[in-house]
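Numbering (the working numbering), first residue to last: -3 to 136.
Structure representation (structure tokens):
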């Protein structure tokens, strides 16, 4: 009941001690962002990407500038993906999202698409007792 109400229970585990046994946050709308792991991921990614993008201010809005940004953002996100923080990602900063009218208005656009991994909050285990000589179902 508490967990459904967005309250992470406090639990005591032998050998571990007292822990917050949940990862919901106070976001009311159900989405990936209502979990602490995804929110922390987004905070870290935004911080890194924003600090990396600072060097683009007042640079020429040309392909080489965009590529320099991609050469920083893509390896960073790939390292998160390799450590199971992301299922997938894509960074777009090219002519497709930087048309001439935006360039003429001195605007450089980057789009970062993230598919964060989800945690296993509940584990369902099924035990089956079979008689002697029974065959196991496929995949068992």
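Heads up, the beta-carbon is just placed ideally off N, CA and C, and yes, glycines get one too.
Check: Where residue 123 falls: helix, strand or coil (DSSP); Outcome: coil
Check: Candidates 58, 61 and 87: closest to residue 107 by CA position; Outcome: 87
Check: Per DSSP, the bridge partner or partners of residue 107; Outcome: 88
Check: Residue 89 classed as buried or exposed, judged by whether at least 16 other C-beta atoms fall within 10 angstroms; Outcome: buried
Check: Cut-off 7 Å between Cβ atoms - residues of its own chain near residue 35, not counting five sequence neighbours on either side; Outcome: 21 and 29
Check: Identity of the residue in 74, 104 and 1 nearest residue 60 by Cα; Outcome: 104
Check: Start-to-end residues for the beta strand (DSSP E) that takes in residue 9; Outcome: 6 to 9
Check: Among 128, 6 and 17, the one whose alpha carbon lies nearest that of residue 116; Outcome: 17
Check: Three or more C-beta pairs below 8 Å linking the segment 67 to 80 and the segment 35 to 51; Outcome: yes
Check: Exposed unless 16 or more other CB atoms sit within 10 angstroms - verdict on residue 112; Outcome: buried
Check: Cross-strand partners of residue 82 (DSSP beta bridge); Outcome: 112
Check: Beta-carbon contacts of residue 80 that lie in its chain and below 7 Å, excluding the five residues immediately before and after; Outcome: 113
Check: Where the beta strand (DSSP E) through residue 96 begins and ends; Outcome: Run containing residue 96: none in the beta strand (DSSP E); it sits in the alpha helix (DSSP H), 96 to 100.
Check: Range covered by the alpha helix (DSSP H) that runs through residue 40; Outcome: 32 to 49
Check: Secondary structure of residue 74, DSSP reduced to three states; Outcome: helix
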